[in-house]
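Protein chains in written order, with the working numbering: chain A, 1429 to 1649; chain B, 376 to 560. This report concerns only the one structure given below.
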Amino acid sequence: MKLAVLFSGGKDSVLSAWLAKKNGYELSCLVSVVSKNKESFMFHTPSISMVKVQAKVMDVPLILHETEGVKEKELIDLENALLKAKNEFGIEGVVSGAVESVYQSSRVQKICNRLGLECFNPLWQKNQMEILDDLIKENFNVIIVGVFAYPLDKSFLGRKIDKKFVIEVEKLLNKFKINPAGEGGEFESFVLDCPLFKSELKVKSFEDFGEENSWRRELEI
Amino acid sequence: MEEGVGDMILIINVCKEKLHYFEFVKPIEDILKKENVDFFTKHYLELTKKDLIKADKVIICGTSLKDNVFVDNIEKFEWIRDFEKPLLGICAGMQIVGLVGGGKLKMHLEIGYFYEDFRKKFLGVNEEVEVYHLHNNYVDFSDEFEIFNKGEVVQAAKHKLKDIYGVLFHPEVRNKKMILEFVKI
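Right, here's the structure in full:
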């Protein structure tokens, strides 16, 4: 079955794409919705312009769609992007990286239902620590590009998700009720390498923006 | 890991698509794993009489909005008619239970969080609770079943004489305790 990947370049969407590929599905295109609103309800925003580089090393076409990021209106933009994927690439389904967010997943389900597309959420309800363990097991190289909750701070930007990171966030989970996989928006990630990439990406430079417990890193690859 | 205790649960996968296992079956497995409950999982097309004998209880999982292949294969579930052990059907699983029990399939799309009001205690719930819906259809149950929720769309039903339960919503998302209540029966 031909699938479009709802692609943010972060760990959840890339891991979902990998699970689809591993289970015999064809990744026909990536769909990234770039929000002008950094507080977007639906879309991961840090370093999203770099998805172009990820698409290139995956050798999968990318549909990049811009949205103002206004709540609910951004869904019309997503629907248009998926319609384009259906018309141009003949996709029969969509795979997303939704884990716990019913806000995101139910809206994607509704859009897929209207467009007659299958909807796949292979990380749905998955234990957050299991996701981090899977990334390590499957040889993903993932770094943190955004932190948005206390006690996370600028020092987390650029950190690699490895065993040391997993132990640290597990402690934070217990102490501060931080979601260890960051799906509650506590942090955002960017995938530099994984089994879907033909070559590893290197960070050329970066710029950090923010204050106190809200920081994002814009990468140049 | 500690040895599992108590009954052996058979989880039945009804998904047409392999990738939907992660979304509709694995979350149920994870709930049982966390509570150290023994289980084994089979796809309904590979189910044997031996599996049904081995199981003390059965959970039939849901599937995606677009997947109604299980309805075309409803004869594969005829065994439910003579099944005397506890069984819980979730979403597609509930539709299967209802159809085998002489109910009629009706269209009704619901996606996302909704409140459902239970008129009587059902798997530990007897009040208004928030539940996660993902379905295009529901079953208008036959008189063999008692309906436990208020409203037109049947969300919770139980066979009048057997421990056969059905929920249209997905308890694995917001109402995990209902699954564990079933396991305790």
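C-beta: ideal position from N, C-alpha, C; glycine also.
Check	Outcome
Pair within 8 Å by beta-carbon distance, SER1456(A) and LEU1492(A)	no
The ligand FAD heavy atom lying under 7 Å from the CB of LEU1629(A)	Ligands in the displayed structure: none, and consequently the ligand FAD is not present.
Cβ-Cβ distance between ILE522(B) and VAL529(B) below 8 Å	yes
One or two residues paired with VAL514(B) in a DSSP bridge	LEU480(B)
Within-8 Å CB hit, LEU1601(A) to chain B	no
Contacts that LYS1565(A) makes with chain B (C-beta to C-beta distance below 8 Å)	Simply none; closest approach about 15 Å.
Buried versus exposed call for TYR1453(A) [16 or more other C-beta atoms within 10 Å across all chains shown]	buried
Alpha-carbon to alpha-carbon, LEU536(B) and VAL558(B)	18 Å
Contacts of GLY1452(A) in chain B (Cβ-Cβ under 8 Å)	LYS393
Beta-carbon contacts of ASN501(B) that lie in its chain and below 6 Å, excluding the five residues immediately before and after	PHE493
Range of the contiguous alpha helix (DSSP H) that encloses VAL1442(A)	1439 to 1450
CB contact check: LEU1434(A) to chain B, cutoff 8 Å	no
C-alpha gap between LYS1582(A) and ASP426(B), whole angstroms	54 Å
Euclidean distance between Cα positions of ARG1644(A) and TYR490(B)	37 Å
Span of the alpha helix (DSSP H) around GLU1635(A)	It is not in any alpha helix (DSSP H) - GLU1635(A) instead sits in the beta strand (DSSP E) that spans 1633 to 1639.
Neighbourhood of LEU1647(A) by C-beta, 6 Å cutoff - its chain only, sequence neighbours within 5 removed	SER1475, MET1478, VAL1631 and PHE1634
Distance CB(VAL433(B))-CB(LYS391(B)) smaller than 8 Å	no
Within the stretch 1504 to 1587 of chain A, ranges of the beta strand (DSSP E) (whole runs, at least 3 residues)	1521 to 1523, 1546 to 1548 and 1569 to 1575
Three-pair Cβ contact test at 8 Å for the stretch 1565 to 1585 of chain A versus the stretch 1618 to 1627 of chain A	yes
Secondary structure of VAL1619(A), DSSP reduced to three states	strand
Span separating the alpha-carbon of LYS1588(A) from that of ASN1549(A)	25 Å
In DSSP terms, what LYS533(B) is bridged to	GLU521(B) and TYR540(B)
6 Å Cβ shell around VAL1650(A) - same chain, five flanking residues per side excluded	Here chain A has residues from 1429 to 1649 only, and residue 1650(A) is not among them.
Neighbour flag for GLY487(B) against chain E, beta carbons, 8 Å	Absent here is chain E; the protein component of the structure consists of chains A and B.
Interface flag, PRO1623(A) vs chain B, CB-CB below 8 Å	no
Residue from ASP1487(A), LEU1580(A) and LYS1626(A) with nearest C-alpha to GLY1638(A)	LEU1580(A)
Helix, strand or coil at GLU410(B) [DSSP, three-state]	coil
Minimum Cβ-Cβ distance from GLU547(B) to chain A less than 8 Å	yes
Alpha-carbon to alpha-carbon, GLY487(B) and GLN1556(A)	21 Å
Residues of the stretch 506 to 520 of chain B with Cβ closer than 8 Å to any Cβ of chain A, in chain order	TYR507, LEU509 and ASN511
GLU378(B) burial status per 10 Å Cβ neighbour count (16 or more: buried)	Confidence at GLU378(B) is low in this model, with a pLDDT of 47, below 50, so the placement of that residue should be treated as unreliable; the coordinate-derived value is given next. Looking at its Cβ environment, which holds fewer than 16 other Cβ atoms inside 10 Å, GLU378(B) is exposed.
7 Å Cβ shell around MET376(B) - same chain, five flanking residues per side excluded	Interpretation of MET376(B) is limited by its pLDDT of 39, a score under 50 that renders its predicted location unreliable; the figure taken from the coordinates is listed afterwards. There are no such residues.
Any C-beta of chain B under 8 Å from that of SER1534(A)	yes
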